[in-house]
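To start, the structure itself, in structure tokens.
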Amino acid sequence: MLALIEGRWLWRGSRAAIKEAMYRRMLRGKSESDLAAAGRDIARRVTLNRPVVSRIRQLTAQGHDLIVASASLTPVVQTILEEKGLPVSRIVASRAEAEAGRLTGNLVGFECFGKVKARRVTHILDTFYAKPYVIAFGNWPDDGPMLADADEAYIVEGNDIVKLAPNRPKP
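So the mapping is simple: this note's numbering equals the position in the sequence shown, first residue as 1, plus 41.
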């Protein structure tokens, strides 16, 4: 993989190595309030998937908890959800390391992606919920491991929500 970040080409390497370099360049020296400001800017520019938002609002109105899992950084995700008025119980996302109020450019642990995301969601479910019934929405194939663990799994494709067939092997 070859990546262009801030007008400079990075080396060929794994997705993880390129993302780590991107985080270091973009985050070092910033504050968590800078991330919240970025979240507000993103929230103004992005339109959330209406069918997914509608389903989420329906489920939360019925008293279900909403756990949002994202590879994005926690303060960015939290701010976007707040700006969009989505009630959230927990956020499972990538976490930026901070020292003396400034971001170091490193992540705490690994990026919340793929199998890491699935493990973190499972940990939250096992820790805080007794025998939960899990309905999951995700991108394909990145969220395959998380979707595989859900009781109901949906793939978001553009403005469509496609249910994984129960008789079809989960990803």
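Positions of the beta carbon are idealized from the N, C-alpha and C atoms, including for glycine.
- Query: Could you give the distance in angstroms between the alpha-carbon of Arg69 and the alpha-carbon of Glu138?
  - Reply: 9 Å
- Query: With C-beta atoms as the reference, is Gly150 less than 7 Å away from Val117?
  - Reply: no
- Would you mind reading off the limits of the alpha helix (DSSP H) that contains Ala171? Neither: Ala171 is in no alpha helix (DSSP H) and is coded neither H nor E.
- Query: If you run the structure through DSSP and keep just helix, strand and coil, what is Gly150?
  - Reply: coil
- Helix, strand or coil: which one does DSSP assign to Leu43? The predicted model places Leu43 with a pLDDT of 46, which falls under 50 and marks its position as unreliable, so this point remains unresolved.
- Item | Complete runs of the alpha helix (DSSP H) confined to the region 59-145 [at least 4 residues] | 73-86, 91-102, 115-124
- Query: Taking Ile238 as the reference, which of Arg143, Ser111, Leu100 has the closest Cα?
  - Reply: Coverage of the chain is limited to positions 42 through 212, which leaves residue 238 absent and any answer about it impossible.
- Query: Val94 to Asp75, Cα distance in whole Å?
  - Reply: 26 Å
- Message: Here's the rule: buried if 16 or more other CB atoms are within 10 angstroms of the residue's CB, otherwise exposed. What is Arg86?
- Response: exposed
- DSSP-derived helix/strand/coil call for Gly179: Secondary structure at Gly179: strand, using DSSP grouped into helix, strand and coil.
- Identify the continuous beta strand (DSSP E) that holds Ala194 and give its terminal residues. Taken as a continuous stretch (DSSP letters only), the beta strand (DSSP E) holding Ala194 covers 193-198.
- Cβ neighbours of Trp181 in the same chain (closer than 6 Å, five flanking residues each side left out): Around Trp181: Ile196.
- Query: Would DSSP call Asp167 helix, strand or coil?
  - Reply: helix
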